[in-house]
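Its first residue numbered 37, the sequence shown is counted upward by one per residue in this note's numbering.
Have a look at the structure below before the remarks.
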Amino acid sequence: MYFDLDGTLCTYDRSFEEQFATTVSPYGEPTDAAYDAYVDRLFGALESCESEPYRRAFEAVAETAELDVAPVTLASDHCETELEALVVSANATRVLERVAETNPIGILTNGDGSQQRAKLERHGLGELVEEVLVSNDVGAGKPDPEIFDLAKERLPADEHVYVGDSYDEDIVGARSAGFRTIYVVENETGANDTDAADAVVSAVGELLDPTGLPSQIATPFEPAER
Numbered sequence: 037m038y039f040d041l042d043g044t045l046c047t048y049d050r051s052f053e054e055q056f057a058t059t060v061s062p063y064g065e066p067t068d069a070a071y072d073a074y075v076d077r078l079f080g081a082l083e084s085c086e087s088e089p090y091r092r093a094f095e096a097v098a099e100t101a102e103l104d105v106a107p108v109t110l111a112s113d114h115c116e117t118e119l120e121a122l123v124v125s126a127n128a129t130r131v132l133e134r135v136a137e138t139n140p141i142g143i144l145t146n147g148d149g150s151q152q153r154a155k156l157e158r159h160g161l162g163e164l165v166e167e168v169l170v171s172n173d174v175g176a177g178k179p180d181p182e183i184f185d186l187a188k189e190r191l192p193a194d195e196h197v198y199v200g201d202s203y204d205e206d207i208v209g210a211r212s213a214g215f216r217t218i219y220v221v222e223n224e225t226g227a228n229d230t231d232a233a234d235a236v237v238s239a240v241g242e243l244l245d246p247t248g249l250p251s252q253i254a255t256p257f258e259p260a261e262r
C-alpha cells in the first residue's frame with residue numbers, strides 16, 4: 037500500500053505564502069512579485085525533476101528582489117520553515133501504524149527527495165514505511181506511469197492500493213497503473229469527479245473505520261487480530 041505525503045498524510049499550519057514571507061522577511065521585503073517568481077520556478081523545477089529545486093526557486097527570487105542573502109541560504113532556511121509548519125495528525129499516524137501491522141507500506145510523492153524524507157523523519161513516519169519514492173529522485177513524477185510501475189516493483193504484491201488527495205495526479209495516475217485507489221478530498225460532496233476512485237474519504241483518519249470502504253480495500257485498515 038502506498039500513500040501520498042503532502043495533503044494526504046500531512047498538512048501545514050501556515051499557507052505557502054506565509055511560509056515564504058517568514059523565510060524572506062529577515063533579509064528584505066517579501067513582495068508579491070518575488071513570491072510569484074518563487075512559485076513559478078519551484079514548481080517548474082519539481083515538474084521537470086531538476087536537482088536542488090529550492091535553490092533554483094530562490095535564485096529566481098533574487099532576480100526580482102534585492103535581498104541581502106545568498107539563494108542557497110534562503111533555500112536552507114525555507115526548508116526548515118516548511119518543516120516547522122508541517123502538521124501530521126495523530127489519526128494519520130495511527131492509520132500507518134495499523135496498516136503496517138499486516139501490509140508493507142510505501143510513500144510515493146512528488147517533490148524534492150531530501151525535503152520529503154525530512155518530513156517523514158520529523159514526525160517519525162519513516163520508521164513505519166518500507167519504501168519512499170520521490171519524483172526528483174527517480175526522474176519521473178505523478179501521474180507518469182513510470183513512478184507507479186517502479187512502486188509496484190519495489191513492493192511486489194498481488195494487488196496495490198494508493199491513497200492520495202490529487203485527483204488527476206494521484207487517483208487517475210494510480211488507477212491507470214493498475215492500483216486500487218482511495219481519494220482523500222476535504223469535501224466529499226464537493227468533489228467534481230471521483231470515477232477513478234474505489235473509495236472517497238474526507239480525511240485519511242477516516243480509514244481507521246473501514247466499515248464504509250468497499251470490501252476489496254477494507255482489509256488493510258482493519259485492526260490486526262491479537
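For glycine and all other residues, C-beta sits at the position ideal for the given N, C-alpha and C.
Since the model is a prediction, treat every value here as computed from it, not as a measurement.
### Task
Could I get the ranges of all uninterrupted alpha helix (DSSP H) runs contained in the stretch 95-128, with 4 residues as the minimum, in chain order?
As for any alpha helix (DSSP H) of minimum length 4 sitting wholly inside the stretch 95-128, the runs are 107-121, ordered along the chain.
#### Entry: Contiguous alpha helix (DSSP H) assignments of at least 4 residues, all confined to the stretch 57-93
Secondary structure within the stretch 57-93: the alpha helix (DSSP H) runs of 4 or more consecutive residues, fully enclosed, are 68-83 (chain order).
### Query
Of the residues Gly80, Asp194, Tyr219, which one's Cα is nearest the Cα of Ser202?
Proximity to Ser202 across Gly80, Asp194, Tyr219 peaks at Tyr219, based on C-alpha coordinates.
### Query
Beta-carbon separation of Gln151 and Leu41 under 8 Å?
In this structure, Leu41 does not lie closer than 8 Å to Gln151 by Cβ.
### Query
For the 8 Å Cβ check, are there 3 or more pairs between the stretch 210-218 and the stretch 186-201?
Taking a contact to require three or more Cβ pairs closer than 8 Å, the stretch 210-218 and the stretch 186-201 qualify as touching.
#### Entry: DSSP-derived helix/strand/coil call for Val208
Here Val208 sits in helix by DSSP.
### Task
Provide the residue span of the alpha helix (DSSP H) that contains Leu156, from first to last.
Per DSSP, Leu156 belongs to the alpha helix (DSSP H) from 149-158.
### Query
Where do the ends of the beta strand (DSSP E) carrying Leu144 lie?
Boundaries of the beta strand (DSSP E) around Leu144: 142-145.
### 3-residue-minimum beta strand (DSSP E) runs that sit fully inside the stretch 171-253, ordered along the chain
Within the stretch 171-253, the complete beta strand (DSSP E) segments at least 3 residues long are 197-200, 216-220, 235-237, listed from N- to C-terminus.
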